[in-house]
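**Student:** Pasting a structure below so you can have a look.
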Amino acid sequence: MDNKMTSGEIAKKAGVSQKAVRLYDEKGLLKPAGYSEGNYRLYDQGALEILEKIVALKQIGFSLEEIRDNLTNGDAGDIREALNIQLQIMKDKLYQTEMVIDAITRTLKRKGDDLDWDDVADIVRNVSVDQKADRNHFEWVSHQVEAEDWYVRIFKSIEPVKDVKILDLGCGYAKIWRNSWENIPEGSKIFAYDLHGSWADDFAEYLEQNRKDLPSGVDIDLKFMDIEDAATWDMISENQKYDRIIAHYLSYELKDPESMVASAAKVLSPDGFFSINCANVKSLDLFFDSLMAECGVDAPFIKKSISRQENERDEFNAMLKKYFGRIEPVLLENTFSYSDAEDLLRKMKDTYPDQEKFFNANGKKIKAFFEEKISKDGAIVMVGVGKFAHCYL
């Protein structure tokens, strides 16, 4: 019995319950050094050290299966990789928590005591939308080849000049303005509209803190109103006509985008234009469709997606022609480079999250193809195209 501990004694020293010790024993993580006369498990100092490692690994988020693998292998390289993976997982959890905190804070600030369960559903929806936007933006920035910021390029595409009146529908975080803050032409009057509970709340704070840095005569008037509400358009029309109307990354969020387009046409000045994202085939679909053809892997779901988007594009363009006499396409290219096969495969899986069966069957072949292509060419390059339409009366 010298230096041996019962399950209760080792549990007390490690700061866990006896039930936890029994569980770790059953899972093969902890092994007794012997048995008492009454056939009770006994543990030694080595078992205590292992138990302390288990407790530490659980505290930083490892599952019991991952702990078993790490205790079995014990290789420094494996441990480093496991810690790096766990670090990213914990960062993702922290990001998720921060997003939820931000969404709840915005809702409480906006609604006060006038709360119902629909507001809880809105919190979940807003977190989901914001996370997706953040992930996509980070993904693009981390692989983008062009040095110039994407939103600066969009800003330039609307041909900003002095003393124009601009209507920004669904301004959101307003990167088109933030990222060119000191380059907004003098005398510009910007009327921005969006809902409370969106990233426009953050823009309102930014506007308050940075308004003093705007160029001479520039004014940004942010109003929290529903673009799909007739009362909003009554207010918009009070300012008469607008030289530029922008509705970027908005139509996908509206129940009736055509109503918004029709209303925008009514308040557009004769010499101005309405800038909107065109429904178009996603560059990623075209990119992965081409790669799968080259790889010799059949991916019918990509072709189906492309066909659907082509139909939506044609319908969208036909709708625009009902309200505008001339439509000019504006194409902004963005080049993205992938030099890591695993990274590109992860991007493909994120793009098609419902195709687990496809990736289980073809993932290894696709990754090997990516690795071979990267080894040969140095990187796999995608030229993406952001398509906007400038619509004239």
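Numbering (my numbering), first residue to last: 4 to 396.
All C-beta atoms in this analysis are idealised placements derived from N, C-alpha and C, irrespective of residue type, glycine included.
1. Pull up the CB-CB distance for D216 and Y176, whole angstroms please, since I reckon it's below 8 Å.
2. Would you check if the distance between the CB atom of I249 and the CB atom of L334 is smaller than 8 Å?
3. Looking only at its own chain, which residues have a Cβ that is under 6 Å from the Cβ of S286, when we skip the five neighbours before and after it?
4. Between A267 and L396, how many whole angstroms is the CB-CB distance? I'm expecting something under 8 Å.
5. Starting from C394 and walking both ways along the alpha helix (DSSP H), at which residues does that stretch end?
6. So, at 8 Å on beta carbons, what are the nonlocal neighbours of V164 in its own chain, with the 5 sequence-adjacent residues on each side left out?
7. Taking one C-beta from the segment 190 to 203 and one from the segment 155 to 162 each time, how about it: are there three or more such pairs within less than 8 Å?
8. Report all residues from its chain with a CB closer than 6 Å to the CB of P260; omit the five preceding and five following residues, and keep chain order.
9. In angstroms, rounded to a whole number, what distance separates the CA positions of R329 and F391?
10. Tell me the DSSP bridge mates of E331?
11. Have a look at the DSSP bridge pairing and note the partners of D222.
12. Taking the continuous beta strand (DSSP E) assigned at N455, which residues delimit it?
13. DSSP beta-bridge partners for I169?
14. A371 to E345, Cα distance in whole Å?
15. L51 lies in the alpha helix (DSSP H); which residues open and close that run?
16. Start and end of the beta strand (DSSP E) containing S378?
17. Out of curiosity, what's the CA-to-CA distance linking L47 and E29?
18. Which residues in the same chain have their Cβ closer than 8 Å to the Cβ of I13, if we skip the five residues on either side of it in sequence?
19. Need the endpoints of the alpha helix (DSSP H) that L347 sits in, please.
20. P260 by DSSP, collapsed to three states: which one?
21. Using only the alpha-carbon positions, how far apart do K350 and E336 sit?
22. Tell me which same chain residues have a C-beta within less than 8 Å of the C-beta of M263, skipping the five on either side of it?
**Tutor:** On the basis of the supplied data:
1. The residue you call residue 216 lines up with position 213 of the sequence shown. The residue you call residue 176 lines up with position 173 of the sequence shown. Not confirmed; about 18 Å, so no contact.
2. The count along the sequence shown starts at 1 and reaches residue 249 at position 246. The count along the sequence shown starts at 1 and reaches residue 334 at position 331. Not in contact: I249 and L334 (Cβ atoms no closer than 8 Å).
3. Within the sequence shown, the letter at position 283 stands for residue 286. G387, V388.
4. Here residue 267 refers to the residue found at position 264 when the sequence shown is read from its first residue. Here residue 396 refers to the residue found at position 393 when the sequence shown is read from its first residue. Distance from A267 to L396 at the Cβ level is roughly 11 Å; contact not present, criterion being Cβ atoms closer than 8 Å.
5. On the sequence shown, position 391 is the one that residue 394 refers to. No alpha helix (DSSP H) holds C394; the beta strand (DSSP E) holding it covers 383 to 395.
6. Taking the sequence shown and counting its residues from 1, the one referred to as residue 164 is at position 161. For V164, same chain residues with a beta-carbon under 8 Å away, outside a window of 5 residues either side, are P188 in chain order.
7. no
8. Along the sequence shown, one-based indexing puts residue 260 at 257. Excluding residues within five positions, the ones whose Cβ falls inside 6 Å are S254.
9. Your numbering for residue 329 matches position 326 in the sequence shown. Your numbering for residue 391 matches position 388 in the sequence shown. Answer to the nearest angstrom: the Cα atoms are 14 Å apart.
10. Residue numbering aside, residue 331 sits at position 328 when the sequence shown is read from its first letter. Beta-bridge pairing links E331 to H393.
11. To locate residue 222, count along the sequence shown from 1; it is residue 219. Paired residues: K192.
12. What the structure shows of the chain is the stretch from 4 to 396, and residue 455 is not part of that stretch, so it cannot be assessed.
13. As a working mapping, residue 169 is identified with position 166 in the sequence shown. In DSSP, I169 forms a bridge with I193, R247.
14. Along the sequence shown, read from residue 1 onward, the residue named residue 371 stands at position 368. Along the sequence shown, read from residue 1 onward, the residue named residue 345 stands at position 342. In a straight line, the C-alpha of A371 is about 10 Å away from that of E345.
15. Indexing the sequence shown from 1 puts residue 51 at position 48. Membership of L51 in the alpha helix (DSSP H) is indicated by the continuous run 48 to 62.
16. Numbered from 1 along the sequence shown, position 375 holds the residue referred to as residue 378. Looking at the DSSP string, S378 is not in any beta strand (DSSP E); the run it does join, the alpha helix (DSSP H), is 359 to 380.
17. Within the sequence shown, residue 47 is the residue found at index 44, counting from 1. Within the sequence shown, residue 29 is the residue found at index 26, counting from 1. It should be noted that the sequence gives Asp, not Leu, for residue 47. In a straight line, the C-alpha of D47 is about 17 Å away from that of E29.
18. Counting from one through the sequence shown, the residue named residue 13 turns up at place 10. Hits under 8 Å: V24, Y46, A50, L51, L54.
19. Residue 347 sits at position 344 when you count from the first residue of the sequence shown. Where L347 is concerned, the enclosing alpha helix (DSSP H) stretches over 344 to 354.
20. Within the sequence shown, the letter at position 257 stands for residue 260. Looking at P260 - three-state DSSP - the assignment turns out to be helix.
21. Taking the sequence shown and counting its residues from 1, the one referred to as residue 350 is at position 347. Taking the sequence shown and counting its residues from 1, the one referred to as residue 336 is at position 333. Roughly 19 Å between the two C-alpha positions.
22. For this step, residue 263 is matched to residue 260 along the sequence shown. Cβ neighbours of M263 beyond the five flanking positions: L172, I230, E231, A250, L253, S254, L257.
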